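The block underneath contains the structure these notes are about, expressed in structure tokens.
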Amino acid sequence: MDKLKIGVKAPEFAGKDQNGNNIRLTDFRGKKVILYFYPKDSTPGCTAQACNLKDNYEMLLKKGYIVLGVSADSINSHKKFIEKYNLPFPLIADTEKEIIKVYGVWGPKKFMGRTFDGINRTTFIISSEGVIEEIIEKVNTKEHTSQIL
């Protein structure tokens, strides 16, 4: 799959959130979407990123954004992560990695000297018309809202 670029239509997707509700990108047409992909629930970097978005959530809403997180974790794992950190936005369980692969965020990663395939932390800012406006690949987990704005 070709790498997604700014200015192209964001790929449609459907998935289940932490409560088993169906979530589709088309549900948010008319709103700006922050679609962020992260490696794993409750790990230090992923927690820092989620909490930064949570701490700035009201400001993001006022600016017209909807926040959606996606990882390959299960619905149950997402539910625990949300409850533990009181996250106000949905997390999509993409256990089959369908959305992850369509958005091109699955691939080689390096950690502690070894290389393996996994989710590359990436955020897509999608316009109210469903077009990718920005792609953040070098995510600063502790300052992610600043990067978005």
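Oh and the sequence shown: position 3 is 912 in the working numbering, straight run, nothing missing. All residues carry an ideal CB built from backbone N, CA and C; glycine is no exception. It should be emphasised that the depicted structure is a prediction, and the values quoted were computed from it without experimental measurement.
Top-ranked residue by Cα proximity to residue i, from the options
i	options	result
Pro997	Thr1004, Asp1003, Lys988 and Glu1005	Lys988
Asp982	Pro920, Gly1016, Ser1036 and Lys925	Lys925
Ile915	Ile1044, Ser1055, Thr952 and Lys1018	Ile1044
His1053	Lys963, Lys918 and Pro948	Lys963
Distance, residue j Cα to residue i Cα
i	j	result
Ala923	Val1048	24 Å
Val1014	Leu934	17 Å
Lys1051	Ala957	6 Å
Leu944	Val976	6 Å
Ile1008	Ser980	9 Å
Lys940	Asn1029	25 Å
Leu913	Thr1004	21 Å
Phe946	Pro920	14 Å
Which residues DSSP lists as bridging residue i, in chain order
i	result
Ile1044	Phe1033
Phe946	Val979 and Thr1031
So within the segment 983-1019, which uninterrupted beta strand (DSSP E) runs reach at least 3 residues, ignoring any that extend past its ends? 1000-1002
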